[in-house]
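Here the sequence shown stands for residues 14 to 385, numbered as in our numbering.
Glycine included, C-beta positions come from ideal geometry on N, C-alpha and C.
Everything numeric in this text was worked out from a predicted model, so none of it was measured.
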Amino acid sequence: MNKLIFANLLHRPLRSVISVLAVAIEVIMILSIVGIFTGMLNDQNRRTNGIGADLMLLPSNASLFNGLGSPSMPVRDAEVLRKIPHVAVVSPAIQKIATNGSVEILYGIDYPTFSALKPFKFLAGGPFEGPNDAIIDGILAGSRNPATGKPYAVGDTIKIMGHAFRISGIVEQGKGGRKLISIDTMAQMVDAEGKASIFYIKCDNPANDDLVMQEIRSTRGFENNTLTTVDSWLDQMTPSKIPAFNLALGVITGIAVIIGFLVIFQSMYTAVLERTREIGVLKSMGASKLTIVGVVLRESAVLSAAGVILGIIGTYGTRIFIARFFPTMNFEITGMWLIRSAVIAFVGSLCGALYPAWMAARKDPIDALAYE
C-alpha cells in the first residue's frame, strides 16, 4: 500500500510539487510574521532594558509604547525629579518614530546623564563633539553605507530625518536606539526646544522604586503623568499582550491555512477523479471504506510532511536573506512556533483531503470498474 501511495504521488509530479510548495508557503508565512514581529519587539525590549533606567516618566497623553509620547515635558523638570529622595540619575530624552525607509525609534539624549544611567561602551570614536554629531550602535555600523558601499565608520555621514550627521562614535548595541543624537538638536528638528518626551530615572537602589514612584505621583505637576517601571513596561511588551500582533497573526494564519486547504483539496479531488478504476479494483479486492479513506489521507499526509519540512528550511533561508540585506532587523525563530506552524499546516492539509477521501470511499466498485 505504501508503494501505491508513493507511486501515485510520483505519477503526477507537477501536481505533487505544487501541493508541497503550497504547504511550505503556508509555514513560511506563519513563521515569518511571527519571527519578524517577535524579533523587532524583543530587540526593542533588550535595547530599552540596556539603557539602565529603573523608571520611565512620560507625558499624560503618552502610550506605554516607546516613542509615542509627544515632547511636551519641560527639560527643567529634571531638576525637580533629582531632588526626590532615592533618585540617583534623571535623564531627559526625546523619542521620535521615523518611517523613512523603515520604522525605527530615534533618540535625542542628554549625553552626560544618559551615560550615567549605564555607561556607553564605545567600539570606536567617542561622545558628541558638536550639535551635528551622532552615535550609532555596532549593528547599524555593520550595515552598508549607501555613500561608500562599506560598513559605517567614525567620521562618516549618516542621514537622520533628512539631516546629515557626522558619526562621532560607535557603541555596543543595547543603549536604546540604533541612532542617537543630542537632545537639543532633536528638539530643534521637531520644534520642541526645551522639551522632552520621556525622563529615564535611576534609583539609588531598585528596592526603592515604589517609594520613588509614590513621591513622584505626589509631587505637584506630575500627578497625571504616565509613570512605570522599566520591568513593568517590558512585561507589557510581549506578543500575547499586543492586540495588533494577535490580529495580524490571525489574519496571516487564516490566509495561509486557506491556501494549504484549497491546494490539497484540489490535488486530492483531482487525484480521486483520475483513479476511479484503481479505487474500484481496491474495493473489489476487499478494501473497506476506511482503507480507501486511509490511502487518500496518507497521500495528503506525505505531501503535508514534505511541505512542512520545506517550509521550515525556507524560513531559515528567509532569515539568512534578511540578516544579509537588512542586518538591523531581528528575525527570531522559536521551537514553539516551529511546532505550532507545522501542526497548523498539517491539520489544515488533512482537512482539505477529507472530502475527496469520503468521495473515494463512497464509489461503487461495479461503477468504478466499468469507468472509462
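Item: Ile148 versus Gln186, Arg157 and Leu363, residue with shortest Cα-Cα distance; Value: Gln186
Item: Complete runs of the beta strand (DSSP E) confined to the region 151-192 [at least 3 residues]; Value: 170-173 and 176-184
Item: Sequence-distant residues of the same chain with beta carbon closer than 8 Å to Thr283, five excluded per side; Value: Arg28
Item: Counted within 10 angstroms of its Cβ, other Cβ atoms place Ile326 as buried (16 or more) or exposed; Value: exposed
Item: Element boundaries [beta strand (DSSP E), containing Ser210]; Value: From DSSP, Ser210 is part of no beta strand (DSSP E); its letter is neither H nor E.
Item: Segment contact, 8 Å Cβ cut-off, at least three pairs: the region 217-236 with the region 148-161; Value: no
Item: Endpoints, the beta strand (DSSP E) within which Met69 is located; Value: Leu68 to Leu71
Item: Same chain, Cβ closer than 6 Å to Ala205, five either side skipped, listed in chain order; Value: Pro84
Item: Tyr124 versus Arg191: straight-line alpha-carbon distance, rounded; Value: 15 Å
Item: Residue(s) in a DSSP beta bridge with Gln227; Value: For Gln227, which the question treats as bridged, DSSP gives no partner whatsoever.
Item: The alpha helix (DSSP H) enclosing Ala29, as first and last residue numbers; Value: For the record, residue 29 in the displayed sequence is Ser; it is not Ala. Unbroken alpha helix (DSSP H) run through Ser29: Pro26 to Asn62.
Item: Contact the region 213-230 vs the region 59-70: 3+ CB pairs below 8 Å; Value: yes
Item: DSSP state of Ile196 mapped onto helix, strand, coil; Value: helix
Item: Where Thr161 falls, given that 16 or more other Cβ within 10 Å makes a residue buried; Value: exposed
Item: Pairwise C-alpha distance: Asp217 and Val100; Value: 6 Å
Item: Lys134 to Pro98 span [Cα, whole Å]; Value: 29 Å
Item: Option nearest Phe127 by Cα separation, candidates Glu117, Ile272 and Phe141; Value: Phe141
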